[in-house]
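Chemist:
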């Protein structure tokens, strides 16, 4: 994410957040599409140099199918995890995205992944 040590990877199965191991030593190159660090399309993809990716660590990983809900908020996207046996729905990770267009774009990609998984389940089951 621009101006951050955080990189979010979305697949049709998982959401994974990576952070720089030690900000002053990792030397990770992160930038928004259109910058010199670009490694994606002009849709707002974030690039990370392959040489420095090994210096990042996984902060959290969540399967798409186990999300309770996703919510678009004023400063990012919040994820809710499945309810506990007592009915409590714990707060999940928060993905901060300041730019409204980028925030909406990424939220729509998460919704797309959820829908694709749901459609696949209907086909199989």
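Residue numbers (this note's numbering): 606 to 730.
By construction, the Cβ of each residue, glycine as well, lies at the ideal position given by its N, Cα and C atoms.
By DSSP's criteria, residue 621 is part of a beta bridge. Which residues make up the other side?
Modeler: 614 and 666
Chemist: Per the contact definition of three or more C-beta pairs closer than 8 Å, is the stretch 696 to 703 in contact with the stretch 607 to 623?
Modeler: yes
Chemist: For residue 727, report the span of its beta strand (DSSP E) as first-last.
Modeler: Careful: residue 727 lies outside any beta strand (DSSP E), inside the alpha helix (DSSP H) at 705 to 729.
Chemist: Which of the three DSSP states, helix, strand or coil, is assigned to residue 609?
Modeler: coil
Chemist: In angstroms, rounded to a whole number, what distance separates the CA positions of residue 621 and residue 660?
Modeler: 15 Å
Chemist: Quick one, which of 625, 717, 729 and 708 has its alpha-carbon nearest residue 663's?
Modeler: 625
Chemist: Residues bridged to residue 684 by DSSP?
Modeler: Partner(s): 675.
Chemist: To which residues does DSSP link residue 700 through a beta bridge?
Modeler: 682
Chemist: For residue 690, which three-state DSSP category applies?
Modeler: coil
Chemist: Buried or exposed for residue 726, going by 16 or more other Cβ atoms inside 10 Å?
Modeler: That one is exposed.
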